[in-house]
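Everything below concerns the one structure shown next.
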Amino acid sequence: MRFAVRAVDRLVEALAVVLLLSLLAAVVLGVIFRQLGDPLAWSDEMAQYLLVWTGFVGWVIATRRRSHIRIDALASRLPGAAQKGLEALVQAAVAALGLGLAVHAVRLIERNWDVEAVSLPVPTGLLYLPLPFVGAVVALQALFELSAVLRGRPLRSASAAEAIT
């Protein structure tokens, strides 16, 4: 199981690199052709789509690495049991957010699938295509972390891949 989780993590990281390089290429091409006096009609919209997708993939990576920003000024001052309870509540809320995102994203994609983008011959629903995956990953990660909290494991010391096994 650990091998499969790590393989998927590496695949997502590779996807992030491809998206970021594609974003860079779209922006550079747009700038070059604009300077040549023959702007590309699609480069700005393509860059917008790639930026959104890169953000979604970055969210997955940050969730898996547990590297999102946390402000724990209040939580760190609570006694151990209260800290554990607060952390369990936070992880349950994050799991609910991820699940809600995954479920509602499907409807969002369906509603926008027949609307064509302005300059690209693709449906605008394509912009939201990563959301069900992102929501599912966020929800699963939060559930693994919730499980770790309830079992008394420290969250920041074990990777999610270790929490799975």
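The numbering of the sequence shown is our numbering, which starts it at 1 and goes up by one.
Note that the Cβ used here is the ideal one computed from N, Cα and C, for glycine as well.
On a predicted model such as this, the values are computed, not experimentally measured, just so you know.
Asked, Found
"Tell me which residues share the same chain as R151 and place their Cβ nearer than 7 Å to its Cβ, disregarding the 5 neighbours each side in the sequence.", "none"
"Per DSSP, what kind of secondary structure is P79 in: helix, strand or coil?", "coil"
"On a Cα-Cα basis, can you pick out the residue from A102, S119 and G125 that is closest to N112?", "G125"
"Which ranges would you report for the alpha helix (DSSP H) in the segment 39-87 if only whole runs of at least 4 residues count?", "43-65"
"Thinking G100 and A136 are a contact (beta carbons under 8 Å), I'd like their distance in whole angstroms, please.", "No, G100 and A136 are not in contact; Cβ-Cβ is about 11 Å, not under 8 Å."
"Please go through the same chain and pick out, in chain order, the residues whose beta-carbon is closer than 8 Å to the beta-carbon of V27, but skip the five residues on each side of it.", "S43 and A47"
"Which one of L131, A75 and A93 has the shortest CA to CA distance from E110?", "L131"
"Once you ignore the five residues that flank V149 on each side, which residues in its own chain have a CB closer than 7 Å to its CB?", "K84, E87, A88, Q91 and L155"
"Applying the 10 Å Cβ sphere with the 16-neighbour rule, what's the burial state of L146?", "buried"
"Between the C-alpha atoms of V8 and L23, what's the straight-line distance to the nearest angstrom?", "22 Å"
"For E116, write down the residues that DSSP places opposite it in a beta bridge.", "P123"
"By DSSP, does R151 sit in helix, in strand, or in coil?", "coil"
"Return the residue from the list P121, A82 and L129 that minimises the CA-CA distance to H104.", "L129"
"Quick check on DSSP: helix, strand or coil for L129?", "coil"
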